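In the numbering used here, the protein residues as written are 1 to 259. Positions of the beta carbon are idealized from the N, C-alpha and C atoms, including for glycine. Since the structure is predicted, the reported quantities are computational estimates derived from the model, not experimental observations. I have placed the structure first, in the form of structure tokens, so that the comments after it can refer back to it.
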């Protein structure tokens, strides 16, 4: 990381990449990484949040619930390249989304779902049962207690899980090679129509992220300064992941001090 910091500049962070001449940047890749992370969270958060609440408060204690929890554990332990091949076969080929941000976001949502679901479930289970018993004793419905008492109390820990999963998404490479693609298409940042293929907001365009860009530069790069670009890109990516990790640690420490 320290070796790549000297190569980071405003020009490097905002200019387009170049695979022929020296002096290229990672502007499009940086935007793609952030946009893909947002798309992934928009897809995975509602599903994982609902699943976590159900597992913690409503799921019966039987073999089916145990099977669901074990399935989540198995899914979270799968190599990312396996998730990428699954996304390639299902979203890129079967659903004909092609190499696109949407295909990458849907694939990473599967990849991210177990972590977010389990973190939500654990956050809710860490809340004392006395909160639920007190609410029910007052005649409040179970859902009202969950919505107005349990979830707000568990929210800081849930946010910590979201922050950690965000760092995981930013650093993902293998799954995106097969789904979001390896090319950074030229986009027009003055065109914000998501239905236009040249718009940066178009979910159906291919999108090379910073992590994929590092892999591609190191394996196929022919530009004279490929080493500098790779080092600078790695420093930017590590800084982003470290930033989210520090926020998560701060949230955990703050919660522990409050308790």
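Do residue 176 and residue 98 have their beta-carbon atoms positioned less than 8 Å apart in this structure? Not in contact: residue 98 and residue 176 (Cβ atoms no closer than 8 Å).
Let me make sure I understand the geometry here. Which of 201, 121 and 195 has the alpha-carbon closest to that of residue 189?
With distances taken between Cα atoms, residue 189 lies closest to 201.
So, is residue 181 buried or exposed, given that buried needs 16 or more other C-beta atoms within 10 angstroms?
-> Classification of residue 181: buried, given that the 10 Å Cβ count is 16 or more.
CA nearest to the CA of residue 108, picked from 210, 150, 132 and 174: The candidate whose alpha carbon is nearest that of residue 108 is 174.
* For residue 184, which residues does DSSP report across the bridge? -> Answer is 207.
**Request:** With DSSP as the reference, label residue 172 as helix, strand or coil.
**Result:** Note: residue 172 maps to coil in three-state DSSP.
- Just checking my contact of residue 41 with residue 166 at CB under 8 Å: how many whole Å lie between their CB atoms? Sure, about 7 Å apart at Cβ, within 8 Å.
Can you list, in chain order, the residues of its chain with a C-beta nearer than 7 Å to that of residue 125? Leave out the 5 residues immediately preceding and following it.
Answer for residue 125: 56, listed in chain order.
* Which same chain residues, not among the five before or five after residue 314, have their C-beta less than 8 Å away from its C-beta? -> In the structure as shown, the chain starts at 1 and stops at 259, and residue 314 therefore has no counterpart that could be examined.
Does the distance from the C-beta atom of residue 235 to that of residue 5 stay below 8 Å?
-> Against a cut-off of 8 Å, the Cβ pair of residue 5 and residue 235 comes out as a contact.
By the three-class DSSP mapping on this structure, what secondary structure does residue 96 have? For residue 96, the three-state secondary structure derived from DSSP is coil.
TODO: Can you tell me the Cβ-Cβ gap for residue 208 and residue 29, rounded? I've got them flagged as a contact below 8 Å.
DONE: With a Cβ gap of about 6 Å, residue 208 and residue 29 count as contacting.
(Q) On the criterion of 16 or more Cβ atoms from any shown chain inside 10 Å, does residue 178 qualify as buried, or is it exposed? (A) Taking all protein chains in view, the Cβ of residue 178 is crowded by 16 or more other Cβ atoms within 10 Å, so the residue is classified as buried.
* To do: Pair every Cβ in the region 9-25 with every Cβ in the region 222-232, then say whether three or more of these pairs are closer than 8 Å.
  => Of all C-beta pairs linking the region 9-25 to the region 222-232, three or more are shorter than 8 Å, placing the two stretches in contact.
* Taking all protein chains shown into account, do 16 or more other C-beta atoms lie within 10 angstroms of the C-beta of residue 205, making it buried, or fewer, making it exposed? -> Residue 205 should be labelled buried.
ask   = Would the C-beta of residue 46 count as close to the ligand FAD, meaning under 7 Å from any of its heavy atoms?
value = As far as ligands go, the structure on display features none, and thus does not contain the ligand FAD.
Check: Should residue 133 be labelled buried (16 or more other beta-carbon atoms within 10 Å of its own) or exposed?
Finding: For residue 133, the number of other beta carbons within 10 angstroms of its own is below 16, and it is reported as exposed.
Residue 118, buried or exposed, once every other Cβ within 10 Å from all chains shown has been counted against 16: Buried, because 16 or more other Cβ atoms sit within 10 Å of the Cβ of residue 118.
Worksheet entry | Cutoff 8 Å; reference residue 233; Cβ partners in own chain excluding five residues on either side | Cβ neighbours of residue 233 within its own chain (closer than 8 Å, five residues either side excluded): 4, 26, 29, 210, 213, 214 and 217.
- Item | Where residue 25 sits in the DSSP three-state scheme | The answer is coil: DSSP assigns residue 25 none of H, G, I, E or B.
Cβ atoms of residue 159 and residue 127: under 8 Å apart, would you say? At a Cβ-Cβ threshold of 8 Å, residue 127 and residue 159 do not count as neighbours.
- Query: Once you ignore the five residues that flank residue 187 on each side, which residues in its own chain have a CB closer than 7 Å to its CB?
  - Reply: Within the same chain, residue 187 has close Cβ partners 28, 198, 199 and 200.
Where residue 261 falls, given that 16 or more other Cβ within 10 Å makes a residue buried:
What the structure shows of the chain is the stretch from 1 to 259, and residue 261 is not part of that stretch, so it cannot be assessed.
Report task. Measure from the alpha carbon of residue 142 to the alpha carbon of each residue in 58, 84 and 74, then state which is nearest. Result -> Comparing Cα positions, the closest option is 58.
When the distance is taken between beta carbons, is residue 67 closer than 8 Å to residue 113? Their beta carbons are not under 8 Å apart, which means residue 113 does not touch residue 67 by this criterion.
Taking the alpha helix (DSSP H) that residue 63 falls in, what are its first and last residues? Start and end: 63-77.
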